[in-house]
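Visitor: Have a look at this one.
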Amino acid sequence: MAIGIPLLVIAAGAILTWVVGADDLHTVGVILLVAGLAALAVGLGLVFTRERWGAR
Amino acid sequence: MTVAKRVIGLIAAAIGLYVVWPSVIEIFSAWPELSTLNPWWLLGTAACEAASFALLWLVLELALQTDRTWLVASTQLSSNAVGRVVPGGGAAASALQYRLLVRGGLDGPSVVAGLAATQLITTAIVAAMPLLSIPAIAGGSAVDRRLVLTAVVGIVAFALILAGTSILFASDRALSAVARAAQWLRNAVLRRREALRDLPDRLVVQRDAMLRTLGHRWGLALTAAGGRALLDFLALLCALSAVGTSARPGLVLLAYVSASLLGMIPITPGGLGFVEAGLSSTLVLAGVGAGDAVLATLVYRLASYWLPLVAGAVAYSGYRFSFGARAA
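Printed below as a string of structure tokens:
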């Protein structure tokens, strides 16, 4: 969940940015890409931290 | 024997570099044009590559059954950097990563099994990527035959990896036979070192342990490995956007896969030259203008090859600082 959903958002953003041609959807795609990358950074931070502390 | 092998490797690398050197020069001659590119997309290229590396560390953590992120990240970056400056670097990088992880406190057989599993998962994912291009190929529009060939090679490689991995995961006899062959080869090559005798049994035990650990986390490992490849590919798309050009993503994907396969050719360090030549020419086949293809290749390689090289040097210093006493 922590990385799966951000990756889905990134993939959706990539499709809107590079596959769908419309200009307004291109902007939405870029926003999704940025939001997905930010969420992935947070998700990875959570996973790495949980790995460390959850094991104890 | 070792000296002879090194000399042969260096000669092969020198010949390989001589052949592809004009491509490297052509790519780097586009350097002054970097200042004209869209900085936000350049940032996106770097961000995608950074996230791709972080996801690889997660795959490694899961496969190595450890929660020591700094050890995993620093050893991966260090060995990755070595693999990109030494001819035939893949093997040298794996050997160094093994040594650093063991010196960092991980168990040797677990490291062997974990690195092998990570290599298998990540290679299989890249090989499977051409499957996503089938709609672009089957769409009816003209696709260059060389790109179609890339798709076929990737899909066949994926099928072989899938079949081989399934057999090794399911059959003790098959894994033991492969381990016996590897043990014989290792003992024949490294005659001065103490002979290995129990590799087949150890590998079976480690495989079972890895399957137990990945058992409930295989979904996370697969998601991370898939995400790693996706973000590396998106870095290339960002590079194309930074240049201000675009092409059908399905065909750019095939260009990306062919570049990844070329990067595995162990003649020059990290496929230097082969990837530059291959990627820029396959991008042209995918519909990108020749000048834009060269510039996009330069941006992508800066983010995926040269920046990690610098990061590897920093990471190795950090590793020495953190584990220096144990490593000494």
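Line order of the protein sequences matches chains A and B. For the record, in the first sequence the residue sitting at position 8 is 8 according to the numbering used here, with numbers rising by one throughout. For the record, in the second sequence the residue sitting at position 299 is 1299 according to the numbering used here, with numbers rising by one throughout. For each residue, glycine too, the CB sits at the ideal point set by N, CA and C. Model, not experiment: these values are computed from the prediction.
1) Please decide whether G29 (chain A) counts as near chain B, where near means a Cβ-Cβ distance under 7 Å.
2) Among B:L1211, B:L1220, B:A1235, B:V1102, whose alpha-carbon lies nearest the alpha-carbon of V47 (chain A)?
3) Tell me whether the beta-carbon of V1072 (chain B) lies closer than 7 Å to the beta-carbon of L1055 (chain B).
4) Since V19 (chain A) meets chain B, which of its residues come closer than 8 Å, beta carbon to beta carbon?
5) Among B:S1260, B:R1192, B:G1105, B:A1081, whose alpha-carbon lies nearest the alpha-carbon of A1067 (chain B)?
6) Can you tell me whether G45 (chain A) is buried or exposed? The criterion is at least 16 other CB atoms within 10 Å of its CB, across all chains shown.
7) Name the chain B residues that come within less than 7 Å of V47 (chain A), Cβ to Cβ?
8) State buried or exposed for P6 (chain A), treating a residue as buried only when at least 16 other CB atoms are found within 10 Å of its CB.
9) Could you please give the first and the last residue of the uninterrupted alpha helix (DSSP H) stretch that includes D1232 (chain B)?
10) Can you give the Cα-Cα distance for W1306 (chain B) and R1084 (chain B), rounded to whole angstroms?
11) Under 8 Å between beta-carbons, which chain B residues line up against A35 (chain A)? List them in chain order, please.
12) Less than 7 Å between CB atoms is the rule here; does A12 (chain A) satisfy it with respect to chain B?
13) Under 7 Å, CB to CB, which of the residues in the region 1206 to 1232 of chain B have a partner in chain A?
14) Please list the partners that T1075 (chain B) has in chain A, where partner means a Cβ-to-Cβ separation under 8 Å.
15) List, in chain order, every chain A residue whose beta-carbon is nearer than 9 Å to that of L1237 (chain B).
16) Report the residue from B:E1049, B:D1107, B:T1075 whose alpha carbon sits nearest the alpha carbon of S1094 (chain B).
17) For chain A, check one thing: does any of its Cβ atoms lie closer than 7 Å to the Cβ of L1348 (chain B)?
18) Residues of chain A with CB under 7 Å from S1029 (chain B), in chain order?
19) So that I know if they touch, is there some Cβ in chain A lying closer than 7 Å to that of T1069 (chain B)?
20) So, helix, strand or coil for I1011 (chain B), using DSSP?
Guide: Once the coordinates are examined:
1) Chain B, which has no Cβ nearer than 7 Å to the Cβ of G29 (chain A), makes this no.
2) The alpha carbon of V47 (chain A) has as its nearest neighbour, out of B:L1211, B:L1220, B:A1235, B:V1102, the alpha carbon of B:L1220.
3) No, they are not a contact pair.
4) Chain B residues near V19 (chain A): P1249.
5) In the sequence as displayed, the identity of residue 1067 (chain B) is Asp instead of Ala. When only C-alpha atoms are compared, the closest one is B:G1105.
6) Label assigned to G45 (chain A): exposed.
7) Around V47 (chain A), the beta-carbon contacts reaching into chain B at under 7 Å are L1058.
8) P6 (chain A) should be labelled buried.
9) It spans 1218 to 1243 - the alpha helix (DSSP H) in which D1232 (chain B) sits, taken as one unbroken run.
10) Answer to the nearest angstrom: the Cα atoms are 9 Å apart.
11) Under the 8 Å cutoff, chain B gives no residues; its nearest Cβ is about 12 Å from A35 (chain A).
12) For A12 (chain A), the answer is no, since every Cβ of chain B falls outside 7 Å of its Cβ.
13) Under the 7 Å Cβ criterion, the region 1206 to 1232 of chain B contributes T1223, A1224, G1227, L1230.
14) Per Cβ cutoff of 8 Å: no residues; T1075 (chain B) is ~15 Å from chain A at best.
15) Around L1237 (chain B), the beta-carbon contacts reaching into chain A at under 9 Å are A14, T17, W18.
16) Residue B:T1075 is the option with its Cα nearest to S1094 (chain B).
17) With chain B covering 1001 to 1328 only, the question about residue 1348 (chain B) has no answer from this structure.
18) Near S1029 (chain B) there are no residues of chain A at all, since even the closest Cβ is about 27 Å away, more than 7 Å.
19) At a cut-off of 7 Å, the C-beta of T1069 (chain B) has a neighbouring C-beta in chain A.
20) In the three-state DSSP reduction, I1011 (chain B) falls in the helix class (H, G or I).
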